[in-house]
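Data first, discussion second: the structure below is written as structure tokens.
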Amino acid sequence: MIKISVIVTAYQYRPYIWDALNSVINQDLERDKYEVILVSNFKNAELEEYCRRERIKLILSKNRWIGPKVKEALKQSSGDLVALLEDDDLFMPNKLSKVLSIFENDRKLGFYRHKRAIQGSIAISICFYRMKVT
Numbered sequence: 001m002i003k004i005s006v007i008v009t010a011y012q013y014r015p016y017i018w019d020a021l022n023s024v025i026n027q028d029l030e031r032d033k034y035e036v037i038l039v040s041n042f043k044n045a046e047l048e049e050y051c052r053r054e055r056i057k058l059i060l061s062k063n064r065w066i067g068p069k070v071k072e073a074l075k076q077s078s079g080d081l082v083a084l085l086e087d088d089d090l091f092m093p094n095k096l097s098k099v100l101s102i103f104e105n106d107r108k109l110g111f112y113r114h115k116r117a118i119q120g121s122i123a124i125s126i127c128f129y130r131m132k133v134t
């Protein structure tokens, strides 16, 4: 079984974080097929409680930039595929199941990118990477 690690990066505290996380948690894919890792550079009691309740790994980072935050999360990830999401972006409800199906049907696929969609001021675009190509 292929497992997905969804890495969400957050910078400062922005109100969009709730929509981003809910878009990941409310996927049509069974929750045991993916993990969620949030890397943020701020503390927030309400967010910490949300992460505990929704089984999200929370990493507090001193890094401001996305690259180092992703690197920190990768060290703690257990997925075969990695999805990246910024705190001001969203997943469509069937995003993970759709992409999982694509990777299951092509075991040599190492990278996949969806087209970008704009909804109001929110951009929806994400890339997936296979950790090990067979």
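Going by full-length UniProt numbering, the sequence shown opens with residue 1, and the numbers climb by one from there.
C-beta atoms are modelled at their ideal positions from N, C-alpha and C, and glycine is treated no differently.
Distance, residue j Cα to residue i Cα
| i | j | result |
| --- | --- | --- |
| I37 | S77 | 8 Å |
| D88 | L60 | 18 Å |
| N22 | I2 | 22 Å |
| E72 | V39 | 8 Å |
| L85 | K69 | 12 Å |
| K108 | S101 | 13 Å |
| L58 | C51 | 7 Å |
| L74 | E49 | 23 Å |
| E30 | R53 | 16 Å |
| D28 | R14 | 26 Å |
| D32 | R64 | 30 Å |
| E104 | Y11 | 33 Å |
| D19 | I56 | 15 Å |
| K62 | A83 | 22 Å |
| V133 | G110 | Reliability of the predicted coordinates at V133 is poor, the pLDDT of 43 falling under 50, and the value obtained from them is presented with this limitation in mind. C-alpha separation (whole angstroms): 6 Å. |
Short Cβ contact (9 Å threshold) for residue i with residue j
| i | j | result |
| --- | --- | --- |
| I8 | I17 | Sequence inspection shows Val at residue 8; the Ile mentioned does not correspond to that position. Contact flag set, yes. |
Cβ separation of residue i and residue j, assumed to be a contact under 8 Å, to the nearest whole Å
| i | j | result |
| --- | --- | --- |
| I25 | L81 | Between L81 and I25 the Cβ distance is about 18 Å, and since that is not below 8 Å, they are no contact. |
| G79 | Y34 | 7 Å |
Collapsed DSSP secondary structure at residue i in the structure displayed
| i | result |
| --- | --- |
| E86 | strand |
| K108 | coil |
| residue 164 | Since the first and last residues shown for the chain are 1 and 134, residue 164 lies out of range. |
| K33 | helix |
| K62 | coil |
### Query
Any contact of the segment 41-50 with the segment 92-100, i.e. 3+ C-beta pairs under 8 Å?
Result no; under three Cβ-Cβ pairs closer than 8 Å.
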